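Which chain is which? The protein sequence lines are P and Z, in order. So for the first sequence, the working numbering puts the first residue at 658; every next one is plus one. So for the second sequence, the working numbering puts the first residue at 658; every next one is plus one. Backbone N, C-alpha and C define an ideal beta-carbon position, used for all residues, glycine too. As the structure is a computational prediction, the values presented were derived from the model and not from experiment.
Number of protein chains: 2
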Amino acid sequence: MPATFKNYMIHKGGLTLQEFDQLTDSLQVKKVNKDHIFLREGEICEHSFFVESGLLRSFTIDESGKEHIIQFAPENWFVSDRSSIFFNEPSDFFIEAIEDSTVVFIHKDFMIKATELSSRFMEYNEKLLQNNIRHIQKRVNLLLSASAESRYLNFIQLYPDLLLRVPQWMIASYLGITPESLSRVRKDLASKNFK
Amino acid sequence: MPATFKNYMIHKGGLTLQEFDQLTDSLQVKKVNKDHIFLREGEICEHSFFVESGLLRSFTIDESGKEHIIQFAPENWFVSDRSSIFFNEPSDFFIEAIEDSTVVFIHKDFMIKATELSSRFMEYNEKLLQNNIRHIQKRVNLLLSASAESRYLNFIQLYPDLLLRVPQWMIASYLGITPESLSRVRKDLASKNFK
DNA sequence: CGTCGAATTGATGTCATTCAACTACAGTGG
DNA sequence: CCACTGTAGTTGAATGACATCAATTCGACG
C-alpha cells in the first residue's frame with residue numbers, strides 16, 4: 658500500500674516485487690500533522706522513516722537549549738538515527754514533521770530481513786551508508802572552512818527546493834548561524850546581485 | 658607478515674586464519690618516513706591504510722590554501738577516503754604520515770573479497786561504517802554548537818594520547834581554529850585551573 | 001652556533017552573536 | 001469583522017569570539 662515507497666524499493670533498492678511483499682509486516686504508512694514528533698532525544702530509534710510526501714527534519718538540542726538541525730528530509734528521503742538503531746543506544750536527536758506528511762515507518766527488522774533476502778538490496782543499503790558518509794563529510798569540511806555566506810550559497814545550490822519550504826530560522830540553524838545573521842547575509846547577497 | 662594487522666583482522670574483524678591467508682595478495686606492509694604522502698587530492702583512492710605504528714592524518718586544502726584536518730590515525734586505526742574508493746571518484750583529500758610509520762596498504766579488493774568470504778567480516782565492516790558515521794555526526798554537532806574552548810576540551814578527552822604527539826597547529830586545524838587562537842584557549846584554561 | 005618552524009603574545013580587524021525594538025502577517029476568539 | 005496574540009523576519013547598536021598581522025621567544029636539529 659505504500660505505493661511510492663514500494664516503487665522506490667523496487668527500482669532503486671533492488672528488491673523484487675515478491676521480496677518486497679514478504680517484508681510488508683515491518684512497514685506502516687501514517688499521515689501525520691506538522692509538528693508531529695517521530696523520535697525524541699534519549700529514546701532508542703526503532704524505525705527509519707521514508708517520506709512519501711511532506712517534509713521532516715532531524716535536530717539536536719544543546720545544553721543551552723538551542724536547536725541544531727542535522728538534516729532535512731523531503732519527499733523520497735530517508736531519515737533515522739542510524740547509530741541509535743545499529744548500536745541500540747539512546748538517540749542524540751529529534752525527528753519531527755515540519756509539514757503535514759505521509760511517512761512510511763520502516764521497522765529496523767525491515768533492513769535486516771531485506772539484507773538477508775536480497776544481495777542487491779544489501780548493496781543498495783551499503784550505497785546509502787556510503788553516500789551518507791560522503792554527505793556528512795562534506796558538511797564537516799564546509800563548517801571547517803567556509804564563511805556563513807558561502808555555506809548559505811552552498812545550501813541553496815544543494816537544496817534549491819527547500820529554500821521555499823523551510824522557514825529561514827531553520828536554515829540558519831542548519832548552517833550553524835543565528836536567524837539574524839542569515840537575514841543579514843541575504844541582505845548582503847541581494848545588494849551584490851542588483852548593481 | 659603484518660602481525661598486528663593479522664591479529665586485528667582475526668580478533669576484531671571476524672576472519673579465520675585460513676580466510677586471512679587467502680587475502681594476503683591484497684596486502685602490503687610498508688615503512689614510510691614522516692611526511693610521506695599516501696594519497697593526494699584528485700587521485701582515486703585505491704587503498705585503505707591500517708596503521709601498525711606511527712601516526713597519519715587526512716586533510717583537505719581549501720581554495721585559499723588552508724589545510725583542514727579531517728582525521729588522525731594512530732596505531733590500529735584505519736584511514737582512507739571511503740567515498741573515493743566506493744564511488745571511484747577523485748579524492749577530496751590528502752593522507753600523510755606525521756611520524757615515521759609502518760602501514761598496511763589494504764587494496765580495495767581486500768574488503769570486497771573478505772566480505773564475500775566471511776559474513777562475520779561483513780558485519781564487522783558494517784560496524785566500522787556505522788561507527789564512522791556516528792563519529793562524523795558528533796563532529797558536525799560540535800562544530801554547530803560548541804565554542805573553540807569546549808571543542809578543545811572535547812578533543813583532549815577523546816584523544817588524550819594524541820595531545821602529546823600532534824603539533825599544536827594541527828590540533829587547531831582539526832578544531833577549525835587558528836594556531837594563535839588555540840594558544841590563547843590553552844592559556845585561558847591554564848589560568849582557570851591554577852587558582 | 002645559526003637556522004627554521006612551532007608557539008606565544010600583543011594590537012587590531014572582522015564576522016557573527018546578542019539584545020532589543022519594530023514590522024508583517026497568520027490564526028484565534030470575542 | 002476587528003482586536004489580540006504569537007511567530008517570523010528585519011534592522012540597529014553593542015559586544016564578543018575568533019582571525020589576522022607582526023614581532024618575539026623557544027626549542028630541535030644540522
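Asked                                                                                                                                                                 : Found
Do we get a CB-CB distance below 7 Å when we pair Thr717/Z with the residues of chain P?                                                                              : yes
Looking only at its own chain, which residues have a Cβ that is under 7 Å from the Cβ of Phe767/Z, when we skip the five neighbours before and after it?              : Leu680, Ser683, Leu684
Quick one: list the residues of chain P neighbouring Val797/Z, beta-carbon separation under 8 Å, in chain order.                                                      : Ile727, Ile793, Arg796, Val797, Leu800
Going along the chain, which residues of its own chain have a beta-carbon closer than 6 Å to the beta-carbon of Phe662/Z, five neighbours each way excluded?          : Phe707, Val761
How far does the beta strand (DSSP E) with Glu709/P in it reach, from first residue to last?                                                                          : 704-710
As a quick exercise: from Ser807/Z, Phe729/Z, Ser737/Z, Pro731/Z, pick the residue whose alpha carbon is nearest that of Val842/Z.                                    : Ser807/Z
Taking C-alpha atoms, which residue in Asp818/Z, Tyr809/Z, Arg822/Z lies nearest to Leu839/Z?                                                                         : Tyr809/Z
Since Ser740/P contacts His704/P with CB under 8 Å, what's their CB separation in whole angstroms?                                                                    : Actually they do not touch by this definition, with Cβ atoms about 14 Å apart.
Within 7 Å (strictly less), CB to CB, does Lys852/P reach chain Z?                                                                                                    : Any reading at Lys852/P needs caution, since the residue's pLDDT is 47, under 50, leaving its predicted position unreliable; the model's value is listed next. No, because no Cβ of chain Z sits closer than 7 Å to the Cβ of Lys852/P.
Looking at the unbroken alpha helix (DSSP H) that takes in His792/Z, where does it start and where does it end?                                                       : 776-802
Would you say Arg808/P reaches chain Z, if we count a Cβ-Cβ gap shorter than 7 Å as a contact?                                                                        : no
Hey, is the segment 746-756 of chain P in contact with the segment 706-721 of chain P, meaning 3+ C-beta pairs nearer than 8 Å?                                       : yes
When DSSP labels each residue in this structure, what does Ser721/Z get in the three-state scheme?                                                                    : coil
Would the beta-carbon of Phe778/P fall within 7 Å of that of Gln787/Z?                                                                                                : no
For Leu800/Z, I'd like the list of residues in its chain whose CB is within less than 7 Å of its CB, leaving aside the five on either flank, ordered along the chain. : Gly833
Check whether chain Z comes within 7 Å of Arg714/P, counting only Cβ atoms and requiring the distance to be less than that.                                           : no
Is it buried or exposed, Glu720/Z, if we count other Cβ atoms within 10 angstroms and call 16 or more buried?                                                         : exposed
Indicate whether Trp826/Z and Pro836/Z have their beta-carbon atoms separated by less than 7 Å.                                                                       : yes
Which residues in the same chain have their Cβ closer than 8 Å to the Cβ of Glu676/Z, if we skip the five residues on either side of it in sequence?                  : Ala771, Leu774, Ser775, Phe778
Does DSSP put Lys691/P in a helix, in a strand, or in coil?                                                                                                           : coil
Please list the terminal residues of the continuous beta strand (DSSP E) segment that includes Ile752/Z.                                                              : 751-754
With 7 Å as the threshold, decide whether the Cβ of Leu786/Z is near any Cβ in chain P.                                                                               : yes
Cα separation between Ile769/Z and Ser804/P?                                                                                                                          : 39 Å
The beta strand (DSSP E) that contains Ser758/P, what's its start and end?                                                                                            : 758-764
What residue range is occupied by the uninterrupted alpha helix (DSSP H) comprising Gln825/P?                                                                         : 825-832
Once you ignore the five residues that flank Thr759/P on each side, which residues in its own chain have a CB closer than 7 Å to its CB?                              : Val686, Lys688, Glu709, Ser710, Gly711
Hey, is Phe743/Z's beta-carbon within less than 7 Å of any beta-carbon in chain P?                                                                                    : yes
Could you have a look at Gln679/Z and say whether DSSP puts it in helix, strand or coil?                                                                              : coil
Report buried or exposed for Ser748/P, applying the criterion of at least 16 other Cβ atoms within 10 angstroms of its Cβ.                                            : buried
Does any residue of chain Z have a CB that is nearer than 7 Å to the CB of Leu790/P?                                                                                  : With the sequence shown as reference, residue 790/P is identified as Ile, and Leu is not the correct amino acid for it. True, the Cβ-Cβ gap to chain Z drops below 7 Å.
Given that Lys669/Z touches chain P, what residues does it touch there, using C-beta distances under 8 Å?                                                             : Those within 8 Å of Lys669/Z in chain P number zero; the least Cβ separation is about 16 Å.
Just checking: is the beta-carbon of Ser740/P within a distance shorter than 7 Å of some beta-carbon in chain Z?                                                      : yes
So is Gly670/Z buried or exposed if we call it buried at 16+ other beta carbons inside 10 Å?                                                                          : buried
In angstroms, rounded to a whole number, what distance separates the CA positions of Asp692/Z and Ala730/Z?                                                           : 14 Å
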